[in-house]
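*Asks:*
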Amino acid sequence: MNKTFRRSMTKAAALMACLFLHAGAQAQTVLKIGYSNALNSHYGMGAVAFCDAVDAGTQGRYKCQQFPNNSLGGEREMIEAVQLGTQDAANVSTGALGNFVPEVKIVDIPFLFRDYDHARKVMDGPIGQELLSKMTAKGIVGLAWTENGFRHMTNSKRAIHSAEDARGLKMRTMENKVHMEGYKTFGIMPTPMAWPEVFTALQQGTVDGQENPIPVILSAKLSQVQKYLSLTKHVYSPAVLVLSPAIWGKLSEADKQVFTAAARKAAAVQRKKVNDDEANGIAELRKDGMQIDENVNGDSFRKAVAPAYTAYAREFGAERIASIQAVK
Ligand code: EAX
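Everything in the sequence shown is counted per this note's numbering, starting at 62 for the first residue and increasing by one.
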């Protein structure tokens, strides 16, 4: 055998091996999914449910690697990475999302939603669907609204029963203008900060308090650095399962349906965990030493925020706000 012949035989063998491998095992894509809470939190449980359903629905062609606890960065970084396609999926709150998709900011208005039933109905209905579709133009595929929960205030200074008690407290907020405008009417000093920095900031006293849903307060063990919890329920915090357009663009129609259904499954699992944490978390946090006010004077907060609704109406349209409030 001459050299050239031998070389082309080796090439042919390599090609055959390649083709054989392809026929034997389907190509597998591993999706990186990130979020800001622990694997056993509402976010983690939702992400795992999403990935299990995607795996099953695509016969193992798509699997996930979980990146809990801000391991891929804060929510702003994760959204940017999903746009770029350097991260495949994320479960994020709307905290930073409005800076990318201004239309979604409307759902961050304090005291817009009456309760969980109301919020979930709006997010799953035509208004929520329309907001998801607005993300596409910004390079984000919003698969389904998931959930963070109603936000409550914690702090290290004093019990907050009425809005007057909140006056003067320095509180970390998300990087969210709608929240900050609203919270100013409570007399607090809003200090925007990315979530990964919050525990240390509370520990070191850079801020007096923060606000987050029970599942986050539990998962992040904020009871170690905060004495007071008030169930202010001052704003609903939606979350969303987002996918990179780079992945979405590669999916067949059938796979797209699998991914969308998987995200809805994730939302159901996540909301169930929010319900469970709301039901059992208060007792746990009390056991951890927190002093908890379960009967906050909600009217004092609603009254305080009322004037801010003029600005919200100017920004989002009074009719649009009313159409959300009107959902029964
Ligand atoms: O999990 O930044 C925040 O406060 C958000 O609630 C975040 O999702 C925490």
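Cβ coordinates follow ideal geometry from the N, Cα and C atoms, glycine included.
Determine, using beta carbons only, whether E272 and M232 come nearer to each other than 8 angstroms.
*Replies:* Locating residue 272 in the sequence shown gives position 211, where the first residue counts as 1. Locating residue 232 in the sequence shown gives position 171, where the first residue counts as 1. Result yes, Cβ atoms of E272 and M232 sit closer than 8 angstroms.
*Asks:* Looking only at its chain, what residues have a beta carbon closer than 8 angstroms to the beta carbon of P253, apart from the 5 residues adjacent to it on each side?
*Replies:* Here residue 253 refers to the residue found at position 192 of the sequence shown. Counting only Cβ-Cβ distances below 8 angstroms, and skipping sequence neighbours, we find R233, T234, M235, E236, N237 and M241.
*Asks:* Who does S291 pair with in a DSSP beta bridge?
*Replies:* Reading the sequence shown from its first residue, position 230 is the one you call residue 291. DSSP, once it has assigned bridges, lists M214 and D354 as partnering S291.
*Asks:* Pull up the CB-CB distance for A224 and G248, whole angstroms please, since I reckon it's below 8 angstroms.
*Replies:* Position 163 of the sequence shown, counting from 1, holds the residue named residue 224. Position 187 of the sequence shown, counting from 1, holds the residue named residue 248. Their Cβ separation, rounded to whole angstroms, is 7 angstroms, which keeps A224 and G248 in contact under 8 angstroms.
*Asks:* In the structure shown, what three-state DSSP assignment does P163 receive?
*Replies:* Translated into positions along the sequence shown, residue 163 becomes position 102. Note: P163 maps to helix in three-state DSSP.
*Asks:* What residues in its chain sit with their C-beta under 7 angstroms from that of T207, if we drop five residues either side in the sequence?
*Replies:* On the sequence shown, residue 207 is found 146 positions in, with the first residue counted as 1. Taken in chain order, the residues that qualify are G107, N152, A300, V301, L302, A327, A328 and Q331.
*Asks:* DSSP three-state label for F128, please.
*Replies:* Within the sequence shown, the letter at position 67 stands for residue 128. Strand at F128.
*Asks:* Compute every distance between the C-beta of G156 and the non-hydrogen atoms of ligand 1, then say whether any falls below 7 angstroms.
*Replies:* Locating residue 156 in the sequence shown gives position 95, where the first residue counts as 1. Within the cutoff, so yes.
*Asks:* Name the two residues that bound the continuous alpha helix (DSSP H) containing G118.
*Replies:* For the purposes of this step, residue 118 is taken as residue 57 along the sequence shown, with counting starting at 1. From DSSP, the alpha helix (DSSP H) with G118 extends over H103 to G118.
*Asks:* Is E258 near ligand 1, in the sense that its beta carbon is under 7 angstroms from a heavy atom of that ligand?
*Replies:* Residue mapping note: residue 258 aligns to position 197 of the sequence shown, counting from 1. No; taking the cut-off as 7 angstroms, the Cβ of E258 has no heavy atom of ligand 1 nearer than that.
*Asks:* Figure out for me which residue from W309, R381 and L292 has the closest Cα to the Cα of D360.
*Replies:* Looking up residue 360 in the sequence shown gives position 299. Selected option, being the one with the closest Cα: L292.
*Asks:* Specify, as a first and last residue, the run of the alpha helix (DSSP H) that T371 falls within.
*Replies:* Position 310 of the sequence shown, counted from the first residue, corresponds to residue 371. Segment A369 to F377, the alpha helix (DSSP H) holding T371.
*Asks:* Among the residues of its own chain, which have a CB less than 6 angstroms from the CB of I308, if the five just before and after it don't count?
*Replies:* Counting from 1 along the sequence shown, the entry for residue 308 is found at position 247. Short of 6 angstroms from the beta carbon of I308, and not among the five residues preceding or following it, lie these beta carbons of its own chain, in chain order: D149.
*Asks:* Among I278, A383 and L100, which residue has its Cα nearest to the Cα of Q126?
*Replies:* Locating residue 126 in the sequence shown gives position 65, counting from the first residue. It is L100.
*Asks:* Decide if the segment 174–186 is in contact with the segment 117–124; the criterion is three or more beta carbon pairs, one per stretch, under 8 angstroms apart.
*Replies:* no
*Asks:* If you reduce the DSSP assignment to three classes, tell me which class K364 lands in.
*Replies:* In the sequence shown, residue 364 corresponds to position 303, counting from 1. K364 falls in the helix class under three-state DSSP.
*Asks:* At which residues does the beta strand (DSSP E) containing L312 begin and terminate?
*Replies:* Along the sequence shown, read from residue 1 onward, the residue named residue 312 stands at position 251. Careful: L312 lies outside any beta strand (DSSP E) and carries neither H nor E.
*Asks:* To the nearest angstrom, report how far apart S284 and G135 are at their CA atoms.
*Replies:* Here the question's residue 284 lines up with position 223 in the sequence shown. Here the question's residue 135 lines up with position 74 in the sequence shown. Their Cα atoms are separated by approximately 22 angstroms.
*Asks:* Would you say the beta carbon of S97 is closer than 7 angstroms to some non-hydrogen atom of ligand 1?
*Replies:* Start at 1 with the first residue of the sequence shown, and residue 97 comes out as number 36. Yes; taking the cut-off as 7 angstroms, the Cβ of S97 has a heavy atom of ligand 1 nearer than that.
*Asks:* What is the rounded straight-line gap between the Cα of Y104 and the Cα of H295?
*Replies:* One-based indexing of the sequence shown puts residue 104 at position 43. One-based indexing of the sequence shown puts residue 295 at position 234. One C-alpha to the other measures close to 21 angstroms.
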